[in-house]
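Please read the structure below before turning to the comments.
Number of protein chains: 2
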Amino acid sequence: MSTSKPPIIAIDAMGGDIGLDVTLAAVAHIQKRYHDVRMIVVGDEPAIRSHKSFSAIDAARIDIHHTTQVVAMDEAPANVLRHKTDSSMWKAIELVRDGKAQACVSAGNTGALMASSRYILKMLPGISRPAICAVVPSRGGHVHWLDLGANVEAKPEQLVQFAVMGSELVKAVDEKPNPIVGLLNIGEEAIKGNDMVKETSKLLEKTDLNYSGFVEGNDIFLKEKLDIVVCDGFVGNVALKSVEGIAKYIQTTLEQEFRRNIFSKIAALFSLPVLRRTKARIDPRRYNGATLLGLQGIVIKSHGNADVFAFANAINVARLEITNGIIDHIRCQLDRQQNRPAAEEHTA
Amino acid sequence: MSTSKPPIIAIDAMGGDIGLDVTLAAVAHIQKRYHDVRMIVVGDEPAIRSHKSFSAIDAARIDIHHTTQVVAMDEAPANVLRHKTDSSMWKAIELVRDGKAQACVSAGNTGALMASSRYILKMLPGISRPAICAVVPSRGGHVHWLDLGANVEAKPEQLVQFAVMGSELVKAVDEKPNPIVGLLNIGEEAIKGNDMVKETSKLLEKTDLNYSGFVEGNDIFLKEKLDIVVCDGFVGNVALKSVEGIAKYIQTTLEQEFRRNIFSKIAALFSLPVLRRTKARIDPRRYNGATLLGLQGIVIKSHGNADVFAFANAINVARLEITNGIIDHIRCQLDRQQNRPAAEEHTA
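The listed protein sequences correspond, in order, to chains B and S.
Oh and the first sequence: position 188 is 275 in the working numbering, straight run, nothing missing.
Oh and the second sequence: position 283 is 370 in the working numbering, straight run, nothing missing.
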């Protein structure tokens, strides 16, 4: 099992809106914090070695994998599959497939990362497409939420798979033995909702998951006993982005009001520690690093505009998933749900 | 036309989590602010007359319509249609149908209000079900957002109707001649999204609406040039409630941090005016009063837990829609979209 070996993480160093400025500094940051982590920095080797942030990296503890291409943030996935197989994103995923790394992290474009990952790593048995799973803060601590946009539509059976994968992720990463699953709907009463969620709910009740029934949008953040929220990718993506939008709007409004006049500016000085602590608790950078679940390998998607702190968090998510053997756990659980013998027996 | 007559609004006085404590005080509040508004207070007349808030009402400027039943907040719509036809909610809607009032306002349960309104008032020609339209704050001022949960599924043609009705509402209430419509999707690129939104987008381009294309969840709050956001009721309801959830979570977090120690408590004292102004700007009570669009009459839904200020806002929404002749505008525009002669010729 992977749990005893030191984790090796492939970093798509060229990906994201910013690229090397962020990714190399994050590599240095992770090196300082986790001494057993090895990283393979994938990208343009001369550019990497000559970059100002390279000096902060302990070069003895990384490998550099040279690539010549970069996937653009707006590039069509099909174009990447055809013409960008020497890109930093592509090679980082290949390193996972080839067992050279146990996870890869990219801030590159989501569509390209998903398509390339599916093509290179393949899906776990019984899973047709990956689901994007991210962590958001909540009254109970935090919640894992999926799918956040990998699939624009989902069948009830797929939503059940999302619940299974999400549960295994929480068991492994949060060390919760029996995580609570909620199904996102427009009302808690069973009569509400469309046919898809009703059918999914029936299926979820038949599983051995700790399924607590329907939850509403506000429950994601306010319900204390909730670990996993499941929905289709269209709903999840719209809701997550709406949440990001209002949070930004509230922040801007608060800043405007603190800048309004001399009295409010003085109040701002007094309030600085409070505002900083509040911001830290809801800081989306703390929650950066979404997992593409359902692949035969760990792929972590960072926000494209992540800064060093945020990108380092995404690398840390990869580290946690490696050390907790998340892929084996999911594979095993999917096999159980499908009433087949455990994965180990298949692959032995 | 209705614009010259003084507005008459039927108030479901018994509806909502709180009932008379809120509704009667809100009636008094509106009376003080708008001298030309008449209200018909619908509910248990002895209870209304003996209520402590009744003394604040100018009794000469209201009518009381006595009813014996109350619709419970968790009551099934079908039960209301069969057994609650002498309820305050039902009678308030009937007063609109019978021309005694030009709008009704209820904080009662959404499902019952929608089902009763459809049954009593009927839909406008070509509209199959109402859409719930609410106002949310945004960088550009505010945005009208629909559907927020009236329909768990919607066809492209219905989403186009939502856009038409929303546009007419904004034209009438906000006095914007050419309001900008966005279609909620998971990406701005036309290749993204499910078949439903792609088909809707094509249809919207063929209308004479000021359609600006796809918008994402964050755009609702952050895009300056946006007046109407259209989506199906499942997505809208989940996203709106998610937004309410994170806003509440941020507020609680901020309050906790301000209460943390003696220094933060002093900072809170200094910051009180700033926090109050910020809260006022994003206060959901200011935006209370969702319109059930598509009916042959004005029905305004207040939040069930609205307080006096919030419920008075919902009454004011009704007032604005009456004085702007919103139903005639929508009817006329729907007829135009359906390439039929204008409504006035039909009903003349």
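The C-beta atom is built at its ideal place from N, Cα and C for all residues, glycine as well.
Given the structure is predicted, the values throughout are model-derived calculations rather than measurements.
How should residue i be labelled, buried or exposed, when 16 other C-beta atoms within 10 angstroms of its C-beta is the threshold for buried?
{"i": "B/GLU287", "result": "According to the sequence as given, residue 287 of chain B is Thr; it is not Glu. B/THR287 is buried by the Cβ-count criterion."}
{"i": "B/HIS152", "result": "buried"}
{"i": "B/THR155", "result": "exposed"}
{"i": "S/ILE207", "result": "buried"}
{"i": "S/HIS138", "result": "buried"}
{"i": "S/ASP173", "result": "exposed"}
{"i": "S/THR339", "result": "exposed"}
{"i": "S/LEU359", "result": "exposed"}
{"i": "B/ARG418", "result": "buried"}
{"i": "S/HIS170", "result": "exposed"}
{"i": "B/ASP104", "result": "exposed"}
{"i": "B/SER204", "result": "buried"}
{"i": "S/GLN425", "result": "exposed"}
{"i": "S/ASP185", "result": "exposed"}
{"i": "S/PHE350", "result": "exposed"}
{"i": "S/GLY228", "result": "exposed"}
{"i": "S/ASN305", "result": "buried"}
{"i": "B/ALA165", "result": "exposed"}
{"i": "S/LYS92", "result": "exposed"}
To the nearest whole angstrom, what separates the beta carbons of residue i and residue j, a pair I think is in contact under 8 Å?
{"i": "B/ILE385", "j": "B/ILE413", "result": "7 Å"}
{"i": "B/PHE308", "j": "B/SER254", "result": "Actually they are not in contact, since the Cβ atoms of B/PHE308 and B/SER254 sit about 20 Å apart, beyond 8 Å."}
{"i": "B/ALA199", "j": "B/GLU162", "result": "6 Å"}
{"i": "S/VAL404", "j": "S/THR378", "result": "7 Å"}
{"i": "B/LEU256", "j": "B/LEU380", "result": "7 Å"}
{"i": "B/MET160", "j": "B/GLY130", "result": "B/MET160 to B/GLY130, Cβ: 15 Å. No contact."}
{"i": "B/ARG216", "j": "B/ASN196", "result": "B/ARG216 to B/ASN196, Cβ: 17 Å. No contact."}
{"i": "B/SER329", "j": "S/VAL330", "result": "5 Å"}
Is it the case that the Cβ atoms of residue i and residue j are separated by a distance below 8 Å?
{"i": "S/ALA97", "j": "S/VAL167", "result": "no"}
{"i": "B/PHE345", "j": "B/ALA334", "result": "no"}
{"i": "S/HIS116", "j": "S/ALA399", "result": "yes"}
{"i": "B/ALA259", "j": "B/ASP234", "result": "no"}
{"i": "B/SER389", "j": "B/VAL192", "result": "yes"}
{"i": "S/GLU70", "j": "S/ASP319", "result": "Residue 70 of chain S falls outside the range modelled here, since chain S spans only 88 to 435, and no answer is possible."}
{"i": "S/ILE270", "j": "S/PHE301", "result": "The amino acid at residue 270 of chain S is misidentified as Ile; the sequence shows Leu. Yes, the Cβ-Cβ distance between S/LEU270 and S/PHE301 is below 8 Å."}
{"i": "B/GLN189", "j": "B/PRO94", "result": "yes"}
{"i": "B/ILE273", "j": "B/GLU303", "result": "yes"}
{"i": "S/ALA194", "j": "S/ALA393", "result": "yes"}
{"i": "B/ILE369", "j": "B/LYS312", "result": "no"}
{"i": "B/VAL247", "j": "B/VAL316", "result": "no"}
{"i": "B/GLN383", "j": "B/LYS209", "result": "yes"}
{"i": "S/TRP232", "j": "S/GLY323", "result": "yes"}
{"i": "B/ILE149", "j": "B/ILE127", "result": "yes"}
{"i": "B/SER142", "j": "B/LEU107", "result": "no"}
{"i": "B/ALA250", "j": "B/LEU296", "result": "yes"}
{"i": "S/ALA326", "j": "B/ALA147", "result": "no"}
{"i": "B/ALA397", "j": "B/ARG364", "result": "no"}
{"i": "B/GLU244", "j": "B/LEU290", "result": "yes"}
From the DSSP secondary-structure annotation, give me the bridge partner or partners of residue i.
{"i": "S/ALA218", "result": "S/LEU380"}
{"i": "B/HIS170", "result": "Bridge partners of B/HIS170: none, in fact."}
{"i": "B/SER225", "result": "B/GLY228"}
{"i": "S/ARG125", "result": "S/ILE95"}
{"i": "B/PHE301", "result": "B/LEU270"}
{"i": "B/GLY280", "result": "B/GLY280 is not bridged to any residue."}
{"i": "B/GLN343", "result": "Answer is none; B/GLN343 lacks a bridge partner."}
{"i": "B/SER193", "result": "B/LYS388"}
{"i": "B/ILE144", "result": "None, per the DSSP bridge assignment."}
{"i": "B/VAL317", "result": "B/LEU233 and B/LEU270"}
Under a three-way DSSP split, which group does residue i fall into?
{"i": "B/MET88", "result": "Here the model assigns B/MET88 a pLDDT of 44, short of 50, so the residue's position is not dependable and the matter cannot be decided."}
{"i": "S/LEU271", "result": "strand"}
{"i": "S/HIS416", "result": "helix"}
{"i": "S/ASN324", "result": "helix"}
{"i": "S/ASN238", "result": "coil"}
{"i": "B/ASP295", "result": "coil"}
{"i": "S/ILE207", "result": "helix"}
{"i": "B/LYS388", "result": "strand"}
{"i": "S/VAL158", "result": "coil"}
{"i": "B/ASP150", "result": "strand"}
{"i": "S/LEU309", "result": "helix"}
{"i": "S/GLY102", "result": "coil"}
{"i": "S/GLY213", "result": "coil"}
{"i": "B/LEU107", "result": "helix"}
{"i": "B/GLY130", "result": "strand"}
May I ask whether a heavy atom of the ligand FAD can be found less than 7 Å away from the beta carbon of residue i?
{"i": "S/PHE321", "result": "In the structure shown, the ligand FAD is absent, as is every other ligand, since no ligand is present at all."}
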